[in-house]
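Taking UniProt numbering, the leading residue of the sequence shown gets 1, the next gets one more, and so forth.
From the three backbone atoms N, C-alpha and C, an ideal C-beta is built for every residue, glycine too.
In this text, all values refer to a predicted model and were calculated from it rather than measured experimentally.
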Amino acid sequence: GLSALGAIGNEHTVALDIGGTTTDISLWKQGRPLMTKSGVSIREYPSAVRSFAVTSVGIGGESVVRVVDGEITVGPERIF
């Protein structure tokens, strides 16, 4: 996890947290995570709490990926 980022020694890093059905992506610059500019929202409720700037995408280690009629589709099924 985070201890591995310190051991890498790179100034710029992309960190991935790959779960079952989603992957969270964060960027690190000069050894520090990029932060949100304002408070995060939990559902539709804003807060004053800043956090890592994270993007979540709907594909993870258990996601089913198929090619259907020449197009790539992901999910909603899981392989487990």
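According to the DSSP assignment, T23 belongs to the beta strand (DSSP E) that extends over T23 to K29. Cβ contact annotation for V74 (same chain, cutoff 7 Å, sequence separation greater than five): G58, I59, S63 and V65, in chain order.
Note on geometry: alpha-carbon atoms of S38 and L16 lie some 22 Å from one another. Within the same chain, E11 come within 7 Å of G31 by CB-CB distance, once the 5 residues on both sides are set aside. Counted as a single uninterrupted DSSP element, the beta strand (DSSP E) harbouring S56 occupies residues V54 to V57.
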